[in-house]
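Asks: One line per chain: the protein sequences are A and B, in this order.
Quick note: the working numbering has the first sequence finishing at residue 843, numbered continuously throughout.
Quick note: the working numbering has the second sequence finishing at residue 544, numbered continuously throughout.
Please find one structure pasted underneath; my questions will follow.
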Amino acid sequence: MTNSEHASIGQYVDMPELLARVDNDSELLTELLALFQEDFPRLRDVLHNAVHAGDPLQVEKAAHALKGMLANLSIKHGAALAANVEAAARAGDKREIQQAMAAFEGEETGLLAAVGRFMAGGEP
Amino acid sequence: MKILIADDEAVSLRMLQKTLERAGYEVTAVSDGREAAEELCRPDGPRLALLDWVMPQLDGPGVCCTVRRKRSQRHVYLVLLTSKSSKEDIVEGLESGADDYLIKPFDPGELKARLHTGTRILELEDNLLEAREDMRYKATHDSLTSLLNRGTILELLASELNRKQCDKSSISIVLGDLDHFKLVNDTHGHIVGDEVLREVARRMLGSVRSYDFVGRYGGEEFLVVLNNCAVEKAVDRAEEIRKAIGGSPIRTTHGPIPITMSLGVYVRGPSDTLPLEEILCEVDRALYTAKSAGRNCCHLGSASQT
Numbered sequence: 720m721t722n723s724e725h726a727s728i729g730q731y732v733d734m735p736e737l738l739a740r741v742d743n744d745s746e747l748l749t750e751l752l753a754l755f756q757e758d759f760p761r762l763r764d765v766l767h768n769a770v771h772a773g774d775p776l777q778v779e780k781a782a783h784a785l786k787g788m789l790a791n792l793s794i795k796h797g798a799a800l801a802a803n804v805e806a807a808a809r810a811g812d813k814r815e816i817q818q819a820m821a822a823f824e825g826e827e828t829g830l831l832a833a834v835g836r837f838m839a840g841g842e843p
Numbered sequence: 239m240k241i242l243i244a245d246d247e248a249v250s251l252r253m254l255q256k257t258l259e260r261a262g263y264e265v266t267a268v269s270d271g272r273e274a275a276e277e278l279c280r281p282d283g284p285r286l287a288l289l290d291w292v293m294p295q296l297d298g299p300g301v302c303c304t305v306r307r308k309r310s311q312r313h314v315y316l317v318l319l320t321s322k323s324s325k326e327d328i329v330e331g332l333e334s335g336a337d338d339y340l341i342k343p344f345d346p347g348e349l350k351a352r353l354h355t356g357t358r359i360l361e362l363e364d365n366l367l368e369a370r371e372d373m374r375y376k377a378t379h380d381s382l383t384s385l386l387n388r389g390t391i392l393e394l395l396a397s398e399l400n401r402k403q404c405d406k407s408s409i410s411i412v413l414g415d416l417d418h419f420k421l422v423n424d425t426h427g428h429i430v431g432d433e434v435l436r437e438v439a440r441r442m443l444g445s446v447r448s449y450d451f452v453g454r455y456g457g458e459e460f461l462v463v464l465n466n467c468a469v470e471k472a473v474d475r476a477e478e479i480r481k482a483i484g485g486s487p488i489r490t491t492h493g494p495i496p497i498t499m500s501l502g503v504y505v506r507g508p509s510d511t512l513p514l515e516e517i518l519c520e521v522d523r524a525l526y527t528a529k530s531a532g533r534n535c536c537h538l539g540s541a542s543q544t
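Laid out in C-alpha cells, this is it:
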C-alpha cells in the first residue's frame, strides 16, 4: 500500500469550503461525490486517450472539463494539476503535456481512493 | 423566476441546480449548447441563464451570439460561468453577448448576488416596456371610451384605403353621430353623458367584425371602417350598428336613457380613387342627409361606388 491509499479526503478536498458551497447539505455532498466517482473515471479516460492519440485539442478540452469538476468540489491541488495539463496542451508542447500528465496521474489514484473510503463511511 | 443552466459536467450542473433551487429559482438544466439556445429562444423561455463555456454542439459564447441574433422581443440576461479565467477570455465572452462573467468554482453568495443584479435589470426592462406600451395605448386610444382616437382611426383609414387600392377590394366608411346628445348632457350632466358614450362605444364594438375599426371621431361622433364591405352590404351593416345603439335604452346612474344614432355611409369601390379628405367630406354629407331625414337612420352617400 502506498501512502496515498491511506490519505484522508481532507488531504485532497478542502472540506470546510466544499461544505460551505453546498450550504452544509451532507446529502447533496454525498450526491456530488457519487457523481464524481461516476464521472471522473470517464473524463480521465477521455484525457488519457487524447494524450495517447497525440491530440492536443482534445487533451485541452478533457483537462478543462476535469479542472472544472475538481475546482467545483474544492479539490484544489487536483484542479491545479489539470490546469497544468490544459495549459501544456494549449501550448502544444508534448513534453510538457507528458510531465503535467505524470503529475496528474500521481494525484488521481489517491484522490479516488480517499473519496471511495469517505463514501463507504470509512472516514468520519 | 425561471433560469436556464447549461453545463456538460454533471457535478457542476447538479451543484448549480441545487444552489439555485434553494434560492427560489425555477431551474431548467441542459447539458449542451444547442439545447440551451433553443430553450432561450422560445418565446416563453427563461430570461436568465448561466452558461458554461466549453459544451458539446455549441459553446457558451456561441449560445450568446445565437440568442442575441434570434431573440429580440425581450432581453435575456446571460451569464457565462466558466473556468476560463484569462482577460482575453473574459473580453471574448462579454463581446459574444454575455451580460456578466463568473469564474468557476462559483461562490454561492456572489452567484446569487450577480443573478439578483440580472433580475433587477430584467425588471427594469419590463417596467420600461410596460410604460412604453401604456404610453402607446394612451397615444392611440380615446381615454373615455377606449376606442381608437381620431388620429389613429384616420391613420388606419388612410392605410386601409391604400391597401384596398392595391388589392382591388371595397371598403365602407361609416360616420355615426348620436342624436340630441347635447340634451343628455344638459339634462343629466356630463358624468351621465360620459356613461352614455362609454356604452355606445361598447355597443359599436360589439356590432362590427374583429377586422373592422371603430374610433371616436369627435365629441359624440364615431367613425367606423368596414373592411371588404361592398355597397350591397354597407347600408345593412350600418343599420346593424344603428339598431345596436338604439335597440334598448342605455342604463345609467340616472336611470335608462333612450339614445339613437344617425349614420352616413360612403363606399369606396375597387376603381374609386377619391382621396381621404374628400371621402370624409362625402361621409359627412351623407350623415347630414340622415340627420335632415329625421335622424335615427342611415344614408348612403350618392358618390359611393355601386
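A virtual CB, placed ideally from N, CA and C, is assigned to each residue, including glycine.
By Cβ distance below 6 Å, which residues in the same chain neighbour alanine 468 of chain B in space, the five residues on each side in sequence not counted?
Replies: Ser408, listed in sequence order.
Asks: Where do the N-terminal and C-terminal ends of the beta strand (DSSP E) with phenylalanine 460 of chain B fall, by residue?
Replies: Start and end: 459-465.
Asks: Under 8 Å, Cβ to Cβ, is there at least one residue of chain A near alanine 248 of chain B?
Replies: So, interface residue.
Asks: What does asparagine 743 of chain A touch in chain B if you count any residue whose Cβ is under 9 Å from its own?
Replies: Correct list: empty, because the minimum Cβ distance to chain B is about 11 Å.
Asks: Comparing alpha-carbon positions, which option in B/Val314, B/Val463, B/Ala439 and B/Ala396 lies nearest glutamate 277 of chain B?
Replies: Comparing Cα-Cα distances from glutamate 277 of chain B to each of B/Val314, B/Val463, B/Ala439 and B/Ala396, the minimum goes to B/Val314.
Asks: What is the rounded straight-line gap between the Cα of glycine 456 of chain B and the Cα of asparagine 465 of chain B?
Replies: Their backbone Cα atoms lie some 22 Å apart in a straight line.
Asks: Identify which residue in B/Leu518, B/Val265, B/Gly298 and B/Thr425 has its Cα closest to the Cα of arginine 285 of chain B.
Replies: For the residues B/Leu518, B/Val265, B/Gly298 and B/Thr425, the minimum Cα distance to arginine 285 of chain B belongs to B/Val265.
Asks: Using the C-alpha atoms, what's the distance from leucine 382 of chain B back to arginine 436 of chain B?
Replies: Approximately 7 Å between the Cα atoms of the pair.
Asks: May I have the straight-line CA-CA distance separating threonine 498 of chain B from arginine 533 of chain B, to the nearest angstrom?
Replies: Spanning the two alpha carbons is a distance of roughly 8 Å.
Asks: What is the rounded straight-line gap between the Cα of leucine 319 of chain B and the Cα of leucine 289 of chain B?
Replies: Computed Cα separation, rounded: 6 Å.
Asks: So, is the C-beta of methionine 373 of chain B closer than 8 Å to a C-beta in chain A?
Replies: Methionine 373 of chain B does not count as touching chain A.
Asks: Could you please give the first and the last residue of the uninterrupted alpha helix (DSSP H) stretch that includes methionine 788 of chain A?
Replies: Per DSSP, methionine 788 of chain A belongs to the alpha helix (DSSP H) from 775-791.
Asks: Consider the Cβ of aspartate 774 of chain A: report whether some Cβ of chain B lies at a distance smaller than 8 Å.
Replies: So, not an interface residue.
Asks: Of all the CB atoms in chain A, is at least one closer than 8 Å to the CB of valine 446 of chain B?
Replies: No, valine 446 of chain B does not count as interfacial toward chain A.
Asks: Please classify arginine 280 of chain B: does DSSP put it in a helix, a strand, or coil?
Replies: If DSSP states are grouped into helix, strand and coil, arginine 280 of chain B belongs with coil.
Asks: Here's the rule: buried if 16 or more other CB atoms are within 10 angstroms of the residue's CB, otherwise exposed. What is methionine 720 of chain A?
Replies: Residue placement at methionine 720 of chain A cannot be trusted, given a pLDDT of 40 that sits under 50; what the coordinates show is reported in the next sentence. Exposed, because fewer than 16 other Cβ atoms sit within 10 Å of the Cβ of methionine 720 of chain A.
Asks: Any idea which residues DSSP pairs methionine 499 of chain B with across the strands?
Replies: Answer is B/Leu416, bridged to methionine 499 of chain B.
Asks: For a test of your reading of the model: does the CB of serine 250 of chain B fall under 7 Å from any non-hydrogen atom of the ligand PLP? Yes or no.
Replies: The ligand content of the structure shown is nil, which means the ligand PLP is not present either.
Asks: Just the Cα atoms here: how many angstroms apart are alanine 218 of chain B and aspartate 812 of chain A?
Replies: Any answer about residue 218 of chain B is impossible in this case: the structure gives chain B only from 239 up to 544.
Asks: How about glycine 787 of chain A: is its C-beta nearer than 8 Å to some C-beta of chain E?
Replies: Any reference to chain E falls outside this structure, whose protein chains are A and B.
Asks: Nearest CA to the CA of isoleucine 479 of chain B: which residue from B/Thr355, B/Leu416, B/Ala369 and B/Asp510?
Replies: With distances taken between Cα atoms, isoleucine 479 of chain B lies closest to B/Leu416.
Asks: Which partner residues does glutamate 477 of chain B have in the DSSP bridge list?
Replies: Answer is none; glutamate 477 of chain B lacks a bridge partner.
Asks: Using a Cβ-Cβ cut-off of less than 7 Å, list which residues of the region 799-823 of chain A approach chain B; keep chain order.
Replies: Within the region 799-823 of chain A, no residue has a Cβ that lies closer than 7 Å to any Cβ of chain B.
Asks: Please report the straight-line C-alpha distance between serine 321 of chain B and glutamate 368 of chain B, rounded to a whole angstrom.
Replies: Cα to Cα, serine 321 of chain B sits roughly 38 Å from glutamate 368 of chain B.
Asks: Can you give the Cα-Cα distance for arginine 809 of chain A and alanine 782 of chain A, rounded to whole angstroms?
Replies: C-alpha separation (whole angstroms): 10 Å.
Asks: Let me check one thing: in DSSP terms, what residues is tyrosine 504 of chain B bridge-paired to?
Replies: B/Ile411.
Asks: Check whether the Cβ atoms of leucine 386 of chain B and valine 452 of chain B lie closer than 8 Å to each other.
Replies: The answer is yes: Cβ separation under 8 Å.
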